[in-house]
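As structure tokens, the structure follows; a few thoughts come after it.
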Amino acid sequence: MTVHMEDVYREYKALMFSLAYRMTGSVTEAEDIVQDTFLALAGTDIQDIHHVKSYLCKAVTNRSLDLLKSARWKREQYVGEWLPEPMVDASATNDPLHTVIADESVSYGLLVLLENLSPPERAVYVLRTALDYEYSEIAAMLEKTEAGCRKLFSRAGQKLKEAGSGYQGAAPQSNRSTRLVEQLMHAISKSDAKALIGLLTNDSVLVSDGGGKVKAAIRPIFSDERIAAFWLGVWPRWASHATVQIRSINGQDGVLVFSEGKLKMILQITVNEEEDRIKHVYMMVNPDKLAHLQK
């Protein structure tokens, strides 16, 4: 049966984007990787490829690995904390790829945790958990031994467990997060320090990413009281001109903050389920990482 490039592109584009996004944590870089992969595929005889999906997964994974290795110097010179680029649901962006990410529940909390892994650990973990590949298949893609891939997966799991401390699982926590996000924004808007502290765990952490482009906390802010003090100091500057929307971001509710018609901030949280309180607050204000969401 003859295989047509248009059919392959239509069938696998979203899956390849999802893979590249999980690997890099960047929407723009994932889009470039997918485009380059399909351009390279167009230059081959597609009829000679027996397993197109595996071929594409291998190509996207390897391009992602090359990018992660070459980008390390960027991360080391990055101003402040580096956070992944958030994905807002399709109703906000009219981009069907955003629907794919939301449907597959690519949790923002998990993307943050994945930054603790080495590129090979990340590749094995993503291929195994997101695409459900067998170790033998992953080994063939990465040109490693099956035993080596098992060790990388085990090491990745241990690192995620240690880094997660209090973060329950990879899937978005939609019911709890919706209520807590609403209460968080109400407390912030009312400058209610007591209510804010009551929503946060004692060891909660706020991480903001300004990338040196706009004002943001250079280092993480630890503890409920310090995070509350931060918001009470920052939000009054936004209150008079900001418009707030609660939208689905990476599969769970978060906050979009607009000013003068432009998206200026995205807030995401993770929940400590045992305490039913907010464990992490992620604040994206880097305009470069919000650019793909601007209307």
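Residue numbering for the sequence shown follows our numbering, starting at 1126 and increasing by one per position. The C-beta atom is built at its ideal place from N, Cα and C for all residues, glycine as well.
At a cut of 8 Å, does the stretch 1315 to 1323 reach the stretch 1349 to 1357 through at least three beta carbon pairs?
yes
Among Ala-1196, Gln-1202 and Tyr-1233, which one has its Cα closest to the Cα of Pro-1209?
Looking up residue 1209 in the sequence shown gives position 84. Cα-wise, what sits closest to Pro-1209 is Tyr-1233.
Could you check which residue in Ser-1384, Glu-1201, Gln-1308 and Leu-1190 has the C-alpha nearest to that of Tyr-1250?
Here residue 1250 refers to the residue found at position 125 when the sequence shown is read from its first residue. The residue with the shortest Cα to Cα distance from Tyr-1250 is Leu-1190.
Of the choices Phe-1383, Gly-1205 and Glu-1350, whose alpha-carbon is the least far from that of His-1366?
Along the sequence shown, one-based indexing puts residue 1366 at 241. It is Phe-1383.
Mapping the DSSP letters down to three states, classify Asp-1378 as helix, strand or coil.
Here residue 1378 refers to the residue found at position 253 of the sequence shown. Strand, per DSSP.
Since Leu-1238 and Leu-1309 should fall inside the 8 Å C-beta cutoff, what is the C-beta to C-beta distance between them, to a whole number of angstroms?
Numbered from 1 along the sequence shown, position 113 holds the residue referred to as residue 1238. Numbered from 1 along the sequence shown, position 184 holds the residue referred to as residue 1309. With a Cβ gap of about 21 Å, Leu-1238 and Leu-1309 do not count as contacting.
Helix, strand or coil for Gln-1419, going by three-state DSSP, please let me know.
The residue labelled residue 1419 in the question sits at position 294 within the sequence shown. DSSP places Gln-1419 in the coil class of the three-state scheme, outside both helix and strand.
Cβ of Leu-1305 within 8 Å of Cβ of Val-1406?
Mapped onto the sequence shown, residue 1305 falls at position 180. Mapped onto the sequence shown, residue 1406 falls at position 281. No, Cβ-Cβ distance for Leu-1305 and Val-1406 is not below 8 Å.
Would you call the stretch 1372 to 1386 and the stretch 1328 to 1342 in contact, with 3 or more CB pairs under 8 Å?
no
Going by the CB atoms, is the gap between Met-1130 and Lys-1183 shorter than 8 Å?
Mapped onto the sequence shown, residue 1183 falls at position 58. Mapped onto the sequence shown, residue 1130 falls at position 5. Result no, Cβ atoms of Lys-1183 and Met-1130 do not sit closer than 8 Å.
Using only alpha-carbon positions, find the residue among His-1311, Leu-1418 and Arg-1301 that is nearest to Asp-1401.
The residue given as residue 1401 occupies position 276 in the sequence shown. Residue Arg-1301 holds the alpha-carbon nearest to the alpha-carbon of Asp-1401 among His-1311, Leu-1418 and Arg-1301.
Does DSSP put Lys-1389 in a helix, a strand or coil?
On the sequence shown, position 264 is the one that residue 1389 refers to. Reduced to three states, the DSSP call for Lys-1389 is strand.
Quick check on the burial criterion: 16 or more other C-beta atoms within 10 angstroms. Buried or exposed for Gly-1386?
Position 261 of the sequence shown, counted from the first residue, corresponds to residue 1386. Exposed, by the Cβ-count rule.
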